[in-house]
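Residue numbers (the UniProt record's numbering): 1 to 365.
All C-beta atoms, glycine included, are put in the ideal place defined by N, C-alpha and C.
Each remark here refers to the structure printed beneath this line.
Laid out in structure tokens, this is it:
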């Protein structure tokens, strides 16, 4: 079964935009502008062309009085978006000595995310299957996020030489401390029911009901000043209540280990336990960039005081730092290029971390 509202596209007039390999498609239905990510061979991984076209489309629709709301969706059955195209960044910028601005992708991506934060028209997003990294950043600031039971949500950036970015740290910092550190440090998955329980999405539905949900959206009075609230009322019967997840089952251990006062204390706690959870978590922790682990640990607390815009500005500075030290290049190499998952980080161990440098990077005095 194809996901996304394109299943009923034949009922409506549509307009498609394709960019060769780099694709989005757009159409307008019932005064709702729809942006489909459509780069299936890369699981909709965002590149500069896609980012530019999304921004161009949104700016055009912002001025169009006939368009009342926006919907982000995907043409792929495999998911909403796998994140930014880090392979392309590696080849075109990190390994390219002729690249004039090696940070240009992240500058443009983050500028789009900040634009979406303050977009004047309601935005609805559909999370399903693979939804990670930059795909989350593109959509997490939506007025209504609809997730289903298939969604695989994660921010795995500490394995890549930086930290959860695209402003998602703003939301991670609102999680209880142990869960926030578990998710931020390890890149641990939040399951569909976790997303609803912690307020990362607004609705959780059964994937088989998405087509019906979209039909009801298309039947709405799009001119209503309360479109989102009216729509939520109209689909109450499709809402799922949160159930127990792997994280809730492991909550006692998560709280035991990840409520500590530092990364070394977390590591020591995991080492002292012989549970499967502790062993798995320790193996992941030991594979992460020690410097960025310390950055993320402190950023969790700092993030409680930052606005969304301040969070994403800090994210850019951290990525620039990781690029300059080589951590970003090494993380991408080990996970996505050579795929050996055996990184050689610039900072060798937690004991070698310069904590004053961490504080300088985060602006902590």
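Does residue i come out as helix, strand or coil in the three-state DSSP assignment?
i           : result
residue 152 : strand
residue 340 : coil
residue 162 : coil
residue 205 : strand
residue 74  : strand
residue 177 : helix
In the DSSP assignment, find the alpha helix (DSSP H) that holds residue i and state where it starts and stops.
i           : result
residue 200 : No alpha helix (DSSP H) contains residue 200, which DSSP labels as neither H nor E.
residue 225 : No alpha helix (DSSP H) holds residue 225; DSSP gives it neither H nor E.
residue 212 : 210 to 218
residue 312 : 308 to 325
residue 169 : 169 to 172
residue 264 : 263 to 271
residue 50  : 48 to 63
Out of the options, point me to the one whose CA is closest to residue i's CA.
i           : options               : result
residue 70  : 174, 120 and 80       : 120
residue 42  : 191, 316, 131 and 126 : 131
residue 32  : 194, 221, 196 and 269 : 221
residue 116 : 137, 364 and 232      : 137
residue 82  : 127, 96 and 61        : 127
residue 350 : 134, 314 and 290      : 290
residue 207 : 360, 79 and 175       : 79
residue 104 : 361, 319, 36 and 203  : 319
residue 284 : 242, 263, 298 and 232 : 263
residue 306 : 52, 347 and 362       : 362
residue 170 : 347, 60, 310 and 344  : 310
residue 198 : 185, 209 and 172      : 172
residue 248 : 179, 118 and 96       : 179
residue 202 : 159, 239, 145 and 348 : 145
residue 72  : 153, 322, 354 and 147 : 147
residue 134 : 161, 118, 106 and 273 : 106
residue 53  : 177, 36 and 265       : 36
To which residues of the same chain is residue i closer than 8 angstroms at the C-beta, ignoring the five residues directly before and after it?
i           : result
residue 38  : 18, 23, 24, 25, 44, 74, 75 and 76
residue 90  : 329, 332, 333, 336 and 337
residue 223 : 31 and 68
residue 143 : 122, 123, 124 and 228
residue 243 : 193
residue 238 : 203, 205, 206, 209, 212 and 213
Going by beta carbon distance, what residues of the same chain come within less than 6 angstroms of residue i, once the five residues before and after it are set aside?
i           : result
residue 182 : 188, 254 and 258
residue 277 : 250 and 253
residue 196 : 204 and 242
residue 346 : 325, 326 and 327
Measure how close the beta-carbons of residue i and residue j come, nearest whole angstrom, since I'm counting them as under 8 angstroms.
i           : j           : result
residue 112 : residue 102 : Actually they are not in contact, since the Cβ atoms of residue 112 and residue 102 sit about 19 angstroms apart, beyond 8 angstroms.
residue 163 : residue 157 : 5 angstroms
residue 267 : residue 251 : Rounded, the Cβ-Cβ distance is 20 angstroms, inconsistent with contact.
residue 287 : residue 341 : 7 angstroms
residue 110 : residue 315 : 7 angstroms
residue 260 : residue 269 : 6 angstroms
residue 364 : residue 293 : Incorrect: roughly 16 angstroms between the Cβ atoms, too far for contact.
What residue does the beta strand (DSSP E) around residue i start on, and which one ends it?
i           : result
residue 126 : 123 to 127
residue 35  : 32 to 37
residue 293 : No beta strand (DSSP E) holds residue 293; the alpha helix (DSSP H) holding it covers 290 to 302.
residue 117 : Here residue 117 belongs to no beta strand (DSSP E); instead the alpha helix (DSSP H) covers 104 to 117.
residue 79  : 79 to 81
Closer than 7 angstroms by C-beta to residue i: which residues in its own chain qualify, once you throw out the five before and the five after it? Chain order, please.
i           : result
residue 245 : 191, 193 and 194
residue 114 : 309 and 312
residue 271 : 282
residue 299 : 163, 169 and 362
residue 344 : 330
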